[in-house]
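From first to last, the protein sequence lines stand for chains A and B. Just so we're aligned: 445 in this note's numbering is position 203 of the first sequence, and the numbers increase by one with no gaps anywhere. Just so we're aligned: 396 in this note's numbering is position 339 of the second sequence, and the numbers increase by one with no gaps anywhere.
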Amino acid sequence: MTTASTIDRPVRQYDFGTMWLLVFPATALLLAFLVIPTALVVVLSFTDYELGKEGLRYIGITNYSDMLADRVFWQSVRNTALYVALVVPGSIFIALAVALLIERRSVLARFYKVAFFLPVTATLVAMATVWEFILHPSIGLANHLLSVLRIDPIRFLSDPDWAIVSLAAIGIWQSIGFNMVLFLAGLSSIPKEIDEAAALDGAAGGIDRFMIVTWPLLGPTTLFVTITTAINAMRVFESVAVITQGGPNKATEVILYSIYLEAFQYFRTGYASALTVVFLLVTVSLIILQMRLADRKVHY
Amino acid sequence: MIDINDGAIDARGLVKQFGGHRVVGPVDLSVRPGEFLTLVGPSGCGKSTLLRLIAGLETASEGSISIAGRTVTDDPPKERDVAMVFQNYALYPHLTVAQNMAVPLRMRRLSLPQRLPFVGSLLPRSAATLAEIDHDVEQVAKSLGIAQLLSRKPAQLSGGQRQRVALGRAIVRKPRVFLLDEPLSNLDAQLRVQMRSELVQLHRRLQVTLIYVTHDQAEAMTMSNRIAVMFAGNILQIGTPEAVYDDPDHLKVASFISNPGLNTMPFAAIANTQLGRQIGAIVSGSAECTVAFRPEACTAVSSADQTDLSGRVIFCERFGAEAFAHIAVDYLEHPIIARIEPAHATRLTCEQLVRVNLDISKLFLFGPDGLRLRPRRRAAA
């Protein structure tokens, strides 16, 4: 085939056979694992289907209205929101501080990067068991350290006020490493000259330099980190399932754990589907929000 | 518009090493208050590093720097009262032109709490200071012809406009010393020539000490009061553009400040010619000396007669107002470049035999170490 014929060929003479063949693998996988299951969940959410039960009945929005009237559902929404509200700022600001400290180091920088990143690679189910021991009310390391500081022991996991905070601390510990790596990448993309220009302009101190250069130029990174951390925090499950099972007294019941209970403990698949649809809508709207913001505000 | 600041700069025995490798020095440099001094040299000669040492962006390994009589060797950039324009302008991309230019003023005129976002502007006296800053920024923007751009972001500006904003940010706080690191190299050729003259006028108006780094000999020659030619981390010669051009101290200086190039030949190659004997009579040149002359020190005349410097034309360069002929001489490794009348150039053809007429008074001799051998000074000594 010559170059001329490629250019001269009319646009509509596509080779549709080849086209479909090339698109088929990706399309099939998307349909099989994403589109069809999602559609089924949406359909099931309007039925009274229970796992293992034969036959199902269309019940309209009953599942949804039940959900809105369910005290446990609202409890799990509140718990999830509190968990996200603690993990997102905690994880972001600690990760940013760690990244800033590591970036300035010449010695041991690599060691610190690995050390902070290790929790990301660890299996959370196993790590959750370790945390359970650390936070154990009588034999745990955490209360032992508090006793050294003459602070009364705290029932980290069995006190309803503390349980979600303790889980959030584990969530922060687990997500710092990943966010730190993202912030380090963001920091390394800040042109050195802008830092130097700021130094000559008189922004000598850390606060001024941070306010004029680092924080604004990290804007896109920070937005991305915020949204991914928020989405990940909303999906909290392992630590709840392993350590508290939603207790004490539903103080750590979160949305994903509710879905799990409804679907696989009580086999109320229809109701669990409705919960999943709501969860999916919240996640998707967060992603859309990120894309909107990324286009508008943080790009300069 | 701006007072004459005492912006004398004095560097003594300044050395900068990176990992045991010496990139600058030892350099001794005195810049007079209000002077336009250009650091010129090939890339990698250490001129930018020397500028960064003066700015305080690098710390000296040895030696000292003083600005306006005060030793600043170990001071951070902020305390040196210097402003700098970077090659790629280094504007804050998220700030408007006005905000960019206001940064140095905010840093100096507002206290730390006043600089904080939101609360800062509510503190006593903030409003008055902010109004002053706005006023000063506007004045400078007007003087640079960028007043209509104040609300734009750097990404919405052309290269030349960004250049002006960078200049504005540097001059708005009236520094003692103004440092420019290859500021014109990112502009297109036409704008570069225009900015050259604007920079010279700006310097004349502001009367600040200005150190300008460039690898472009045309910028160095046309703009500066004095130029310092750097090679391999050292200043080989410093003087007025005329002095450096007419009376170079070193072979590298002469060949760098030459357009289109410096003609050089080993003295040994011409020692037995009449030209060689003439030169030998003036200076006791050894065989390892280098004879050098600029294209304008000689001209090519069409002639079939064989003389000391006869050869064939291999190439004619015409620049409109001037023209150069490249002439291959049998016993010389490199062709001789001679300036010829443009009208002449059309008559010279390739392979034509020509004679090079050389003005022997405009000839330089350099020793084996590259240093200039000066006949008169030797006679005086």
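All C-beta atoms in this analysis are idealised placements derived from N, C-alpha and C, irrespective of residue type, glycine included.
{"query": "As assigned by DSSP and simplified to three states, the class of Asp67 of chain B", "result": "strand"}
{"query": "Option nearest Phe359 of chain A by Cα separation, candidates A:Phe420, A:Ile497, A:Tyr300, A:Gly428", "result": "A:Phe420"}
{"query": "Three-state secondary structure assigned by DSSP to Val349 of chain A", "result": "coil"}
{"query": "Among A:Phe521, A:Val329, A:Val265, the one whose alpha carbon lies nearest that of Thr471 of chain A", "result": "A:Val329"}
{"query": "Contact with chain B by Glu435 of chain A, beta-carbon distance below 8 Å", "result": "yes"}
{"query": "Partners in chain A for Ala14 of chain B, counting only beta-carbon separations shorter than 9 Å", "result": "No answer is possible for residue 14 of chain B: the residues shown for chain B start at 58 and end at 438."}
{"query": "C-beta neighbour in chain B for Ala536 of chain A, strict 8 Å", "result": "no"}
{"query": "CA-to-CA distance, Ser367 of chain B to Asp437 of chain A, given in whole angstroms", "result": "59 Å"}
{"query": "Within chain A, partners of Ala147 of chain B - CB distance below 8 Å", "result": "Pro433, Glu435, Ile436, Glu438, Ala439"}
{"query": "For Leu256 of chain B, the nearest candidate out of B:Gln220, B:Asp273, B:Asn243 (CA to CA)", "result": "B:Gln220"}
{"query": "Where Leu114 of chain B meets chain A, residues with beta-carbon distance less than 8 Å", "result": "Glu438, Ala441, Leu442"}
{"query": "Lys135 of chain B and Ala439 of chain A closer than 8 Å at C-beta", "result": "no"}
{"query": "Contacting residues, own chain, Cβ-Cβ under 7 Å from Leu206 of chain B (five flanking each side not counted)", "result": "Val154, Leu214, Gln218"}
{"query": "Cβ of Ala384 of chain A within 8 Å of any chain B Cβ", "result": "no"}
{"query": "For Leu244 of chain B and Val250 of chain B, the rounded distance between their alpha carbons", "result": "9 Å"}
{"query": "Three-state secondary structure assigned by DSSP to Val370 of chain B", "result": "strand"}
{"query": "Contiguous beta strand (DSSP E) assignments of at least 3 residues, all confined to the region 100–152 of chain B", "result": "119–124, 139–142"}
{"query": "Alpha-carbon spacing of Arg230 of chain B relative to Arg165 of chain B, whole angstroms", "result": "9 Å"}
{"query": "Local conformation of Gln532 of chain A per DSSP, three classes", "result": "helix"}
{"query": "Validate contact between the region 122–141 of chain B and the region 64–72 of chain B using beta carbons, cut 8 Å, 3 pairs", "result": "yes"}
{"query": "Exposure of Val349 of chain A, with buried meaning 16 or more beta-carbon neighbours within 10 Å", "result": "exposed"}
{"query": "CB contact below 8 Å: Leu576 of chain A versus chain B", "result": "Missing from the structure shown is residue 576 of chain A; chain A here goes from 243 to 542 and no further."}
{"query": "Residues near Leu459 of chain A in its chain [Cβ-Cβ closer than 6 Å; skip 5 each side]", "result": "Ile432"}
{"query": "N- and C-terminal bounds of the alpha helix (DSSP H) containing Ser359 of chain B", "result": "Note, Ser359 of chain B: premise wrong, no alpha helix (DSSP H); beta strand (DSSP E) at 355–359."}
{"query": "Any chain B beta carbon closer than 8 Å to Ala446 of chain A", "result": "yes"}
{"query": "Collapsed DSSP secondary structure at Ser500 of chain A in the structure displayed", "result": "helix"}
{"query": "Spatial distance of Ile228 of chain B from Ala185 of chain B (CA atoms)", "result": "21 Å"}
{"query": "Sheet register partners of Val467 of chain A (DSSP bridge)", "result": "Bridge partners of Val467 of chain A: none, in fact."}
{"query": "Any chain B beta carbon closer than 8 Å to Leu460 of chain A", "result": "no"}
{"query": "Residues bridged to Tyr508 of chain A (per DSSP)", "result": "Paired residues: none, contrary to the question."}
{"query": "Short CB-CB distance (under 8 Å) between Lys135 of chain B and chain A", "result": "yes"}
{"query": "Candidates A:Val356, A:Ile418, A:Glu292, of which the one nearest Phe237 of chain A by Cα", "result": "Residue 237 of chain A lies beyond the range of chain A shown here (243 to 542); nothing can be said about it."}
{"query": "Cβ shell of Leu237 of chain B (< 6 Å), same chain only, five flanking positions each side left out", "result": "Val142, Tyr269"}
{"query": "Val386 of chain B to Pro392 of chain B span [Cα, whole Å]", "result": "6 Å"}
{"query": "CA-to-CA distance, Phe313 of chain B to Pro298 of chain B, given in whole angstroms", "result": "13 Å"}
{"query": "Nearest residue (CA-CA) to Ile397 of chain B, options B:Glu390, B:Val413, B:Tyr388, B:Met158", "result": "B:Val413"}
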